[in-house]
Amino acid sequence: MVSDGFIHACAGGAGGMIAMTATYPLVSISMRAAVEQSRAKDKTMVEAAQKVIREEGVVGLYSGLSSSLLGISITNFVYYGFFETAREMILASKNKGAAKEATTAAATIAAGGALSTAESMLAGALAGSATTVITNPIWVVNTRQTVRVGVDSGSGSKGKPGAPVRKMGFLETIRYIISTDGVPALWRGLGPALFLVINPILQYTAFEQLKNMLVTSRLTRGVSASLSDLDFFFLGALS
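Start counting the sequence shown at 105; every next residue gets the next number (our numbering).
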């Protein structure tokens, strides 16, 4: 029988790929605009988009999409898989007799597998840290692919302004990073990334607690506590 953790991991990975595909042009433009600004060119997102379309065509807005899809699918798969595993471990360590004493709505929620705020944050911290360490190399490669214009298409044109360039593939970018900066470069920025784990921790904790409040409210009113897809959509947007 397939575990809940694996189901959540697969669903998270698939959902992340769909969301990334729909929003990638905005992500790409934002990254490029940030790079241009860091080079003192002060380009806005609109100007960055116009430059990309002018020089690379509309397809340029999706530069690096393949590595982003790989990254987000693995990131979400690992995160939700670890979160559910941590969640099950935390719940297993709690009072196993809670289900027998579920005489109130709050007790029913606890017996059904709800985490407290502190427990949600602990599970999120474990899942987020593991995900960041595992997937950091993918996002380093993705950033290089997105902001780097390309490499010379031939040795004869090397160093000449306006020389034709080609995009480096995912594996080629990895080899380039390792050859120029070494293997540790694939984990560059890991420290700040681990600090930013607080973002999904707070988001998922808020989601869990809002979900618990909604279910508790429905149980108190004596109505069905099952949540619809629309309920999950609004809970996710609100959190």
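Beta carbons are placed, not taken as given, at the ideal position from N, Cα and C, and that holds for glycine.
Distance between residue j and residue i (C-alpha atoms, nearest Å)
i, j, result
"G228", "P304", "7 Å"
"G119", "M225", "22 Å"
"I238", "S134", "24 Å"
"A222", "K315", "15 Å"
"Y348", "G109", "Outside the displayed span of the chain (105 to 343) sits residue 348, for which this structure offers no information."
"R292", "M193", "32 Å"
"G326", "E188", "28 Å"
"F311", "T284", "42 Å"
"Q154", "G286", "35 Å"
Cβ neighbour criterion (16 or more within 10 Å) applied to residue i
i, result
"F337", "exposed"
"T207", "Confidence at T207 is low in this model, with a pLDDT of 48, below 50, so its placement is unreliable and no value can be given for it."
"R136", "buried"
"A152", "buried"
"V150", "exposed"
"S167", "buried"
"T250", "buried"
"L381", "Residue 381 is absent from the model: the chain starts at 105 and stops at 343."
"L169", "buried"
Under 8 Å between C-beta atoms of residue i and residue j
i, j, result
"I278", "V245", "yes"
"A190", "A231", "yes"
"F181", "A113", "yes"
"D335", "L318", "yes"
"T235", "T148", "no"
"S132", "I242", "no"
"P129", "L174", "no"
"N240", "L275", "no"
"V233", "L339", "According to the sequence displayed, residue 233 carries Ser and not Val. Cβ distance not < 8 Å, so S233 and L339 don't count as in contact."
Start-to-end residues for the alpha helix (DSSP H) that takes in residue i
i, result
"A218", "Where A218 is concerned, there is no enclosing alpha helix (DSSP H), given that its DSSP letter is neither H nor E."
"T320", "302-324"
"K155", "149-160"
"S107", "S107 -> no alpha helix (DSSP H), and no H or E assigned at all."
"A329", "Neither: A329 is in no alpha helix (DSSP H) and is coded neither H nor E."
"M272", "Counting along the chain, M272 falls outside any alpha helix (DSSP H), and DSSP gives it neither H nor E."
"A289", "Run containing A289: none; DSSP gives neither H nor E here."
Below-8 Å beta-carbon distance, residue i vs any chain B residue
i, result
"Q313", "Reference to chain B is not applicable here, since this structure consists of a single protein chain."
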